RNA sequence: GCCCGAGUGGCGGAACGGUAGACGCUCCAGACUUAAAAUCUGUUGUCCGUAAGGACGUGCGGGUUCGAAUCCCGCCUCGGGCACCA
């Protein structure tokens, strides 16, 4: 039933249809049906912040909603779900401030988001909502983590984190601004803490090479490739002058330049740094190392600061290629986390080494000579540092060789003498996977001593419980005692968060979980996962004394696999049924911001590959096609932010213009991938367009169908019919190609022509409404119903998408532009298929072309049928 | 510093190497109206010209081509990202 309004009253129409869709479960995902093609559209699910939806969300979700509605009309089985990435820092900080439980805050925020999403008319299947904080969900997050643990991909290490003594808490990178805490502006320092780390580097090669399997923007692929950072080179051994200390191992991508080494550099944290420091240098070195320790990697790598710093250790190393004695320096531009934490410095052929050598007056020896002029400064001398290609010089036994050849030969020769080997190195580092927070997934494991580990695992095995144990136990030292990580049985999951009295930091760097001794210190049954406080009596002899892990998982955990849970969101026995995984596979398109180009997408790919190796998922890559929408800027062209006061609120626009207008305008604003400013006056134009559609369909005053609309089959003029078919083709092509702005423009052109026409056939008016429906679904449904669309299909959304007749698109005459010497001079109308000779004759006779041809000789004619005729004259 | 984008009317933007400025906004003029709003019609890149018409024009300078906003080279400006990666 349509509404009763006579003019375009979107405040009545939009809620009306939203209710109809909800009441009829119009967007419920169809059952798995092997006979029907599937289409899975995925949004990057939102973090339900207290601020509610912003225009960027609206843009993102309208893009996908258009795809979902379009593909439903094309007869696909569409899966279009939504959920909440609800663990995270802002909610926890809000809880700390207000004393409210993060769960309650989350429930409230989710309710706001859900209401707003329904108000913009997005056709999600809300029955498939997932919430990363729901124990029924994070049970499987924990399960996946156990698989990683079992595969030996999780380990524990002391890692430096931001520690704020004044706040008594660990801070995230984004909470530290210019070396001060964001809250309270207190000084912060780097402090090592026990952390869980995931071995993503074990997948570096596949994460890189499998990028060729996916249809992603090239820029995103390039960013991931750069982040993984594969480089081929060699590890070379430089003997240290003091034979007791052995060798210094360096990684280099340029073994061909080994004869140009004039100094070595090791990172301040390098294990040999102490031993290499001579008594005379001790004071300078320890001062320098202290300074470097206070800096983050980011500061150390901040090029804006420019100046290289460093200090000589007092020691020397021996170049394995020529036996030369070279000084070993300590400098923080070398980082322990990459390569071997030590380099051979070749100032002639490396920018950073060159800057360092200049500052400390270290000799520079050129060993590569360019083959061509490019690298020289005009006088024939090479401009240093020179990092390009060329041939070797000053390199005994290798001079004259092209660099690539020398690379291989020098590496092989040094390898033969046991002084090196070819290696591949990655920039990618292992993934720091724990947080000292409350509002995250607890790690499903306990810490026990060695004897208890043996006893507990034996007991579990005897009880027929296969614990997910790694081949090598994961251990760490707590309070001077070695502890073993004992995973909980998979069947005991989820391990839920205990209630705490306060979300305040503990002051020790541990999460608030550590302040609940009855949860942390327990008697524990390894076979069942059951626990009682350690203060109570030991329930039975096979129960062991254990301490729970108090770290929680980072927000990434839940977002690494949510796209799989949508396939089968309520399944209690598996993260999703095999049948659902086989049918839906992964998203056909994934839409979200480019800010996730590296981290989220890389982490999710990593987990997916692990699940693929375990035969849990059938595909090697999670996201085959990816699209990044552009940011909507404020009216002033700046990023929208509260402090700038340039925020446009979707709720206000829905009240003033309606969501159909908002959606249509967001899609019309410009290319979807472009960053574009919000322009409130432009929205009027789109609103007027919808009103015009209304006026063409509905008679004023009565609300009955417009008299212009006729049931006569030939009511639509041939010109308008042709335009309709062109529009059907264009809108379909543009939706599939994600060029919605030009699709909207095509719809406007059609309505402008419709308005000028005397009559239009009912089925043509309905076809137009179908084209409009993905973009502006409410007005389309309303008008479809009023024009009797129900006689064709009970629901507009499921009515088959209009088809175009290619025969109708073929013209009998074509306009051809006449150019003379490349300049447009005239237009001629020619029958389709006109020959070049015919075209030339017509052009020569044209009064506009004639004056430009008189007295000239024709040298050449270029004829592109249906497009142009270019006459070149002299 | 490095990497990735982007520069087209007053504005957002169109344009398989083939008519630059679609579509929309904004101006301006007209119709309707007592008036306004809404709606409809027309106009709106710059310069010369009464006009017909012509010249110029896609950040700047070159190049390739019959033909360049589009391809190539070198600059400039703006935006985004960055882990000095040996």
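Numbering (my numbering), first residue to last: 762 to 1635. The C-beta atom is built at its ideal place from N, Cα and C for all residues, glycine as well. As the structure is a computational prediction, the values presented were derived from the model and not from experiment.
What does residue i pair with, by DSSP beta-bridge criteria?
i, result
"residue 1630", "1579, 1624"
"residue 1182", "996"
"residue 1457", "Partner(s): none; residue 1457 has no beta bridge."
"residue 1153", "1129"
"residue 1012", "996"
"residue 1388", "1352"
"residue 762", "Per DSSP, none; premise fails for residue 762."
"residue 957", "917"
"residue 845", "892"
"residue 1400", "1394"
"residue 1638", "The structure shown does not extend to residue 1638, since the chain spans only 762 to 1635, so no value can be given for it."
"residue 715", "Residue numbering for the chain in the displayed model covers 762 to 1635; residue 715 lies beyond these limits and cannot be assessed."
"residue 976", "1386"
"residue 1442", "Note: residue 1442 sits in no beta bridge, so no partner."
"residue 951", "923"
"residue 1105", "1025"
Counting along the chain, where does the beta strand (DSSP E) carrying residue i start and finish?
i, result
"residue 838", "838-840"
"residue 931", "930-932"
"residue 1352", "1350-1352"
"residue 1305", "1305-1309"
"residue 1096", "Residue 1096 -> no beta strand (DSSP E), and no H or E assigned at all."
"residue 1236", "1236-1239"
"residue 1024", "1024-1027"
"residue 1589", "1584-1592"
Pop quiz: residue i and residue j are said to be a contact at Cβ under 8 Å. What is the actual Cβ separation, rounded to whole angstroms?
i, j, result
"residue 1367", "residue 975", "No, residue 1367 and residue 975 are not in contact; Cβ-Cβ is about 14 Å, not under 8 Å."
"residue 928", "residue 1266", "7 Å"
"residue 1365", "residue 1321", "5 Å"
"residue 1543", "residue 778", "7 Å"
Taking the alpha helix (DSSP H) that residue i falls in, what are its first and last residues?
i, result
"residue 1411", "1411-1417"
"residue 1510", "1501-1517"
"residue 830", "816-834"
"residue 1530", "1523-1533"
"residue 782", "771-784"
"residue 1367", "1360-1374"
"residue 1326", "1323-1326"
"residue 799", "Per DSSP, residue 799 belongs to no alpha helix (DSSP H); it is in the beta strand (DSSP E), 799-804."
"residue 984", "979-989"
"residue 1490", "1479-1497"
"residue 1248", "Per DSSP, residue 1248 belongs to no alpha helix (DSSP H); it is in the beta strand (DSSP E), 1242-1248."
"residue 1337", "Counting along the chain, residue 1337 falls outside any alpha helix (DSSP H), and DSSP gives it neither H nor E."
"residue 1597", "1597-1606"
"residue 1117", "1112-1121"
Taking residue i as the reference, give the member of the options with the closest Cα.
i, options, result
"residue 1581", "810, 769, 1572, 1612", "1612"
"residue 1144", "835, 1161, 1112, 1155", "1112"
"residue 1276", "1213, 1312, 1300, 1284", "1312"
"residue 1109", "1096, 1098, 1124", "1124"
"residue 1081", "1514, 1174, 1035", "1174"
"residue 875", "981, 790, 783", "783"
"residue 1043", "850, 1028, 1076, 1026", "1076"
"residue 831", "1536, 1426, 1614, 1586", "1536"
"residue 1287", "1223, 1148, 1104", "1223"
"residue 1177", "1004, 952, 997", "997"
"residue 1341", "1306, 1377, 1310", "1377"
"residue 1306", "1316, 1250, 1281, 1329", "1281"
"residue 1325", "834, 955, 842", "842"
"residue 1296", "1278, 1259, 1309", "1278"
"residue 1049", "1092, 1492, 1512", "1092"
"residue 1239", "918, 811, 1493, 1634", "918"
"residue 1122", "1023, 1129, 1202", "1023"
"residue 814", "860, 858, 883", "883"
Complete alpha helix (DSSP H) runs within the region 1189-1218 (minimum length 4 residues, chain order): none
Secondary structure, beta strand (DSSP E): runs of 3+ residues fully inside the region 1065-1092: Within the region 1065-1092, the complete beta strand (DSSP E) runs of at least 3 residues are 1072-1079, 1086-1091.
Length at least 3, wholly inside the region 1262-1307: the beta strand (DSSP E) runs in chain order: Here the runs fully enclosed are 1282-1285, 1292-1294.
Minimum length 4: unbroken alpha helix (DSSP H) runs contained in the region 1536-1561: 1538-1547
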